[in-house]
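What follows is a single structure, written as structure tokens, with notes after it.
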Amino acid sequence: MRVYEVLFIIAPNIEESDIETLITQLSEVATNQGAQIARVERMGRRRLAYPVRKFNEGHYVVLTVEGSGAEIAEIERRMRVTDAVIRYITIRIDEDLKRAEKFRVRRAAHAAAAASTRRTRQTEPVLPIGRDEEDGESEEREGE
Amino acid sequence: MSSEPREQGRRDDRGGRQGGGQGGPARRFVRVRKSCRFCADKVDYIDYKDGRLLGGYIPERGKILPRRISGTCAPHQRMLATAIKRARNAAILPFSTD
Numbered sequence: 001m002r003v004y005e006v007l008f009i010i011a012p013n014i015e016e017s018d019i020e021t022l023i024t025q026l027s028e029v030a031t032n033q034g035a036q037i038a039r040v041e042r043m044g045r046r047r048l049a050y051p052v053r054k055f056n057e058g059h060y061v062v063l064t065v066e067g068s069g070a071e072i073a074e075i076e077r078r079m080r081v082t083d084a085v086i087r088y089i090t091i092r093i094d095e096d097l098k099r100a101e102k103f104r105v106r107r108a109a110h111a112a113a114a115a116s117t118r119r120t121r122q123t124e125p126v127l128p129i130g131r132d133e134e135d136g137e138s139e140e141r142e143g144e
Numbered sequence: 001m002s003s004e005p006r007e008q009g010r011r012d013d014r015g016g017r018q019g020g021g022q023g024g025p026a027r028r029f030v031r032v033r034k035s036c037r038f039c040a041d042k043v044d045y046i047d048y049k050d051g052r053l054l055g056g057y058i059p060e061r062g063k064i065l066p067r068r069i070s071g072t073c074a075p076h077q078r079m080l081a082t083a084i085k086r087a088r089n090a091a092i093l094p095f096s097t098d
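Residue numbers (the numbering used here), protein chains in the order written: chain W, 1 to 144; chain F, 1 to 98.
Okay, here's the thing in structure tokens:
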């Protein structure tokens with residue numbers, strides 16, 4: 001199974017209610033094809049870095065889609081036809097996420113290993129000191 | 001104990017000069033070793049949607065800031081470059097500015 005991030009920009013002159021229906025429509029396209037929408041993120045109205053179809057602003061929406069990949073083609077086809085969507089990009093993120101997870105696990109293992117060596121290193125110099133203290137205590141006890 | 005950190009500092013300097021290469025004794029840069037910000041922050045994935053983060057790596061012209069200036073390590077520079085290119089297509093970052 002693959003995870004995709006579908007980011008699209010809706011024209012700024014679209015009503016809020018129409019944006020909602022558009023998002024649900026696109027989500028339904030994906031779910032009807034057998035994909036699952038893991039997350040819908042509204043990034044809100046943002047300035048564009050450069051004009052897109054003569055618009056300087058746009059509503060950013062990010063859908064996280066889990067599926068086989070065939071649904072993406074359908075979503076993209078729908079977005080291409082829809083005039084309200086001025087820009088879209090789909091990015092496959094499951095491989096990147098897996099890689100990030102691997103790094104995280106490796107770092108955790110590394111930290112654990114470092115912690116254990118630190119512990120052994122700490123115990124080494126502590127031991128003679130501990131023994132000295134014990135000696136001192138025993139001497140005191142002998143004195144008593 | 002007190003001499004230890006000083007020694008480390010000297011070692012860093014030497015590394016920087018080695019990086020300078022065959023400049024010879026005439027060119028004497030005291031190069032401060034830059035460290036990868038993403039390694040320091042333990043970043044595993046650079047999100048292309050984070051325009052504020054990526055914006056720091058594009059100078060006026062809108063180009064991708066080279067590694068030798070930012071000090072980013074190779075793996076992170078690769079991630080950063082991909083993220084910037086994605087962000088450009090999403091109109092989060094400009095392709096060019098003047």
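Ideal Cβ positions, reconstructed from N, Cα and C, are used throughout, including at glycine.
For Tyr88(W), write down the residues that DSSP places opposite it in a beta bridge.
Phe8(W)
When the cut-off is 8 Å and only beta carbons count, does Tyr45(F) lie next to chain W?
yes
Shorter than 8 Å from the beta carbon of Asp96(W) to some beta carbon of chain F?
yes
Mind listing the chain F neighbours of Ile89(W)? Cutoff is C-beta to C-beta under 8 Å, in chain order.
Arg86, Asn89 and Ala90
Can you tell me the Cα-Cα spacing of Tyr48(F) and Arg119(W), whole angstroms?
Their Cα atoms are separated by approximately 40 Å.
Just to confirm before moving on: does the CB-CB distance between Gly71(F) and Ser35(F) stay below 8 Å?
yes
Of all the CB atoms in chain W, is at least one closer than 8 Å to the CB of Lys49(F)?
yes
What residues from the region 44-57 of chain W come within 7 Å of chain F, judged by C-beta to C-beta, listed N to C?
Contact residues of the region 44-57 of chain W toward chain F are Leu48, Ala49, Tyr50 and Val52 (C-beta to C-beta distance below 7 Å).
Can you confirm whether Val62(W), when its beta carbon is compared against all beta carbons of chain F, has any partner nearer than 8 Å?
Yes - at least one Cβ of chain F is within 8 Å of the one on Val62(W).
Length of the line joining the Cα atoms of Ala11(W) and Leu93(F)
18 Å
Thinking C-beta only, is Val3(W) closer than 8 Å to Ile23(W)?
no
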